[in-house]
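Numbering (the working numbering), first residue to last: 9 to 222.
Report on the structure given below.
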Ligand code: DX5
Ligand code: ZN
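Next comes the structure, spelled out in structure tokens:
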């Protein structure tokens with residue numbers, strides 16, 4: 009499968025929009041900018057909202073906007089992120105009361121719809137939705153902070169899902185670097201999210217190539 013890289017800006021100073029735009033120019037060989045929206049309720053941490061998604065300039069780069077909603081009641085917020093120019097939106101199974109409705113709403117807007125699960129959530133919780141979504145985001149760390157260590161137990165879930173759905177997009181997120189990316193790709197992941205490894209590297213473009221070719 010073709011491997012895509014989605015670069016997470018959560019660890020950067022996202023209160024400084026010009027510096028985010030500069031950082032985007034350093035990752036133009038990636039496929040997506042990954043926006044981690046945190047509400048201080050679904051997760052303890054609070055990050056940014058739709059204004060950072062719409063305000064980030066990707067024009068002329070070919071990069072898409074990949075929005076990962078770590079928020080309570082995502083049904084209430086979806087439209088804002090569609091309007092903000094998201095190309096992919098995922099929300100957490102643990103937070104959604106009407107997941108099928110949310111998926112339909114995202115898809116009807118011409119945006120790719122994904123469901124995300126935390127490390128402690130088994131695949132069977134989203135079994136019924138596997139035919140409806142465009143992609144599944146398997147969290148490889150507990151949702152919240154950047155710079156955590158990947159939980160190896162989550163790799164089994166990627167394998168299990170790939171066996172069930174040979175062609176669906178499987179996104180993995182959290183603690184991904186050049187040392188563990190190969191194992192995730194072998195397990196069946198094809199969209200790798202990475203923040204710390206990419207932006208802490210002296211040359212983020214080199215880090216992206218290392219992940220893609222791991
Ligand atoms: C964790 C976020 C991830 C994370 C990725 O809650 O969803 O996107 O910030 O960053 P690193 O690569 O630093 O784990
Ligand atoms: Zn994320």
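Yeah, the Cβ is synthetic: ideal placement off N, Cα and C, and Gly gets one too.
Note that the structure is predicted; figures quoted are calculated from it, not measured.
Which whole-angstrom value is the C-beta distance of residue i and residue j, which I expect to be below 8 Å?
i, j, result
"residue 148", "residue 180", "5 Å"
"residue 198", "residue 177", "6 Å"
"residue 11", "residue 193", "6 Å"
"residue 101", "residue 107", "6 Å"
"residue 65", "residue 29", "5 Å"
"residue 205", "residue 222", "Not really, about 11 Å apart at Cβ, beyond 8 Å."
"residue 37", "residue 213", "5 Å"
Between residue i and chain D, is there a C-beta pair that is closer than 8 Å?
i, result
"residue 36", "Note that chain D does not occur in the displayed structure, where there is just one protein chain."
Quick one: what does DSSP say residue i is sitting in, helix, strand or coil?
i, result
"residue 194", "helix"
"residue 120", "strand"
"residue 40", "strand"
"residue 63", "helix"
"residue 27", "helix"
Hey, would you say the C-beta of residue i is under 7 Å away from at least one heavy atom of the ligand NAP?
i, result
"residue 141", "Within the structure as shown, the ligand NAP is missing, the only ligands being the ligand DX5 and the ligand ZN."
According to the neighbour-count rule (16 or more other Cβ atoms, all chains shown, within 10 Å of its Cβ), is residue i buried or exposed?
i, result
"residue 74", "buried"
"residue 77", "buried"
"residue 122", "buried"
"residue 135", "exposed"
Look up residue i in the DSSP assignment and give the residues it is bridged to.
i, result
"residue 179", "145 and 199"
"residue 46", "78"
"residue 100", "124"
"residue 55", "DSSP, once it has assigned bridges, lists no residue as partnering residue 55."
"residue 90", "DSSP, once it has assigned bridges, lists no residue as partnering residue 90."
"residue 16", "42"
"residue 72", "40"
Look at residue i and residue j and say whether their C-beta atoms are less than 8 Å apart.
i, j, result
"residue 71", "residue 40", "yes"
"residue 51", "residue 151", "yes"
"residue 58", "residue 203", "no"
"residue 114", "residue 97", "yes"
"residue 184", "residue 200", "yes"
"residue 165", "residue 131", "yes"
"residue 105", "residue 85", "no"
"residue 48", "residue 155", "no"
"residue 162", "residue 146", "yes"
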